[in-house]
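Heads up: the sequence lines are chains A and B, in that order. Residue 53 in UniProt numbering is what sits at position 53 of the first sequence, and the numbering runs on without skipping anything. Residue 10 in UniProt numbering is what sits at position 10 of the second sequence, and the numbering runs on without skipping anything. We treat Cβ as the ideally placed atom computed from N, Cα and C, and that holds for glycine. Bear in mind the structure is a predicted one, so any value in this text is a computation, not a measurement.
2 protein chains.
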Amino acid sequence: MGDKISLADKLATFQDHWSPRTITTFNDCDVMVVKVKGEFTWHSHEDADDFFLVLKGVLDIELRDRTVTLGPGELYVVPKGVEHRPVTREEVHLLLIEPTGTPNTGDKATAAPRKLA
Amino acid sequence: MGDKISLADKLATFQDHWSPRTITTFNDCDVMVVKVKGEFTWHSHEDADDFFLVLKGVLDIELRDRTVTLGPGELYVVPKGVEHRPVTREEVHLLLIEPTGTPNTGDKATAAPRKLA
Chain A
1 MGDKISLADK
11 LATFQDHWSP
21 RTITTFNDCD
31 VMVVKVKGEF
41 TWHSHEDADD
51 FFLVLKGVLD
61 IELRDRTVTL
71 GPGELYVVPK
81 GVEHRPVTRE
91 EVHLLLIEPT
101 GTPNTGDKAT
111 AAPRKLA
Chain B
1 MGDKISLADK
11 LATFQDHWSP
21 RTITTFNDCD
31 VMVVKVKGEF
41 TWHSHEDADD
51 FFLVLKGVLD
61 IELRDRTVTL
71 GPGELYVVPK
81 GVEHRPVTRE
91 EVHLLLIEPT
101 GTPNTGDKAT
111 AAPRKLA
């Protein structure tokens, strides 16, 4: 049985962007923290809803028909199959939850490898 | 497709304790906020790991052999089948994530009804 997990402590262990760190798992999901800045690629997850909770900064989640803007303490779930592109001006810290094995780009060929923190 | 969700706004919609509000769902899980104060009952969930993230205050999660103390920005996953009892001195605000249909007491006979916020 694990110990408690501090989001701030986990975020302090890395600096790179768009490379989620898995900090724990539950019910076959990965709980991850990630630092992001700039534009990600347009993508969707065919089999998984995509949970975003902003911990720091302001994140735009661009959808094809509108943009959802999230500040600290705000969350959004991108439904499975819906194309989206995260975009930020400044560095943003996020809590992400996805079924274990979900590729972050929606495509295993281009996905960041699973990393633990 | 839903809108963004503010944890603070959702928490402002109710005052009662130990009565989780489902604020969204993803991948067959309920994302909930709850206000707690005092002692809950000892319980376990046979089929679900139990995700706790403290948003405000200090929560003790008593286990049979030790206590895990969580402050804001700290999380803990109680593995399925492990007996636990949440205890607080002051009001604590939590983000909870569980498979939809998981009884909060571990027993459908005594569980709080599912409420949306």
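Out of curiosity, what's the CA-to-CA distance linking Val68/B and Lys4/A?
Between the alpha carbons of Val68/B and Lys4/A lies a distance of about 7 Å.
Checking 7 Å against the spacing of the C-beta atoms, do His45/A and Thr102/A come in under that value?
yes
Give, in chain order, every residue of the stretch 106-117 of chain A whose Cβ lies closer than 7 Å to some Cβ of chain B.
none
Beta carbon of Asp50/B, beta carbon of Val78/B: below 7 Å?
yes
Test item: CB-CB of His84/A and Leu63/A under 7 Å:
yes
Start-to-end residues for the beta strand (DSSP E) that takes in Asp30/B
Cys29 to Glu39
In this structure, does DSSP put Lys56/A in helix, strand or coil?
strand
Say whether chain A places a C-beta atom closer than 7 Å to the C-beta of Val33/B.
no
Using a Cβ cut-off of 7 Å (strictly closer), state whether Leu59/B contacts chain A.
Output row for Leu59/B: interface = no.
Contact set between Thr67/A and chain B, taken where Cβ atoms lie within less than 7 Å
Within 7 Å Cβ-Cβ: nothing; Thr67/A doesn't reach chain B, min ~11 Å.
Using the three-state DSSP reduction, which class does Lys10/B fall into: helix, strand or coil?
Taken through DSSP and simplified to helix, strand or coil, Lys10/B comes out as helix.
Glu83/A lies in the beta strand (DSSP E); which residues open and close that run?
Taken as a continuous stretch (DSSP letters only), Glu83/A belongs to no beta strand (DSSP E), as it is neither H nor E.
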